[in-house]
Amino acid sequence: MDWNRQKIAFLKSQEQETSDARQRLALQILCGEDLGTVLLLDAAKKEHLCKRLKRLIERERLKGAAGHWSYDLNRHIGLKQALETLKVSLSGSEPEKQIRTA
824 MDWNRQKIAF LKSQEQETSD ARQRLALQIL CGEDLGTVLL LDAAKKEHLC
874 KRLKRLIERE RLKGAAGHWS YDLNRHIGLK QALETLKVSL SGSEPEKQIR
924 TA
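Each number in the working numbering corresponds to the 1-based position in the sequence shown with 823 added.
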């Protein structure tokens, strides 16, 4: 049964890497920011970026609701995940997850 545990761990790792890549891409394209660098910023700058991300998410939501051709669900998901990651790093309630730099 060790094989099943390895399979589950591998799939979870793959899902986490996909999530990290989606967040990095959304932040880099839309904000020009690197997720690893953003997580190291002070609280005031993180708060400012949270507000910026909320505006971008709302803009994506409106595009999706209107059926606009440029709406991208993956970009929307990436922005929401990046915002959640940023909120977790602000609250300090959970340890920051390790983000790969390569």
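Even glycine gets a Cβ: it sits at the ideal position worked out from N, Cα and C.
Mapping the DSSP letters down to three states, classify residue i as helix, strand or coil.
i: L909; result: helix
i: W892; result: coil
i: K835; result: helix
i: L862; result: coil
i: E870; result: helix
i: G887; result: helix
i: D843; result: helix
i: G915; result: coil
i: D857; result: coil
Check this for me: beta carbons of residue i and residue j, under 7 Å apart or not?
i: A905; j: A849; result: yes
i: L879; j: L902; result: yes
i: E883; j: H899; result: yes
i: L909; j: C854; result: no
i: L862; j: S912; result: yes
query: Pairing CB atoms from the region 885-898 with CB atoms from the region 855-867, are three or more of them under 8 Å?
result: With the cut-off at 8 Å, the region 885-898 and the region 855-867 do not touch.
- prompt: Counting pairs of Cβ atoms below 8 Å between the region 826-836 and the region 878-892, do you hit three or more?
  reply: The region 826-836, when compared against the region 878-892, does not touch it at the 8 Å Cβ threshold.
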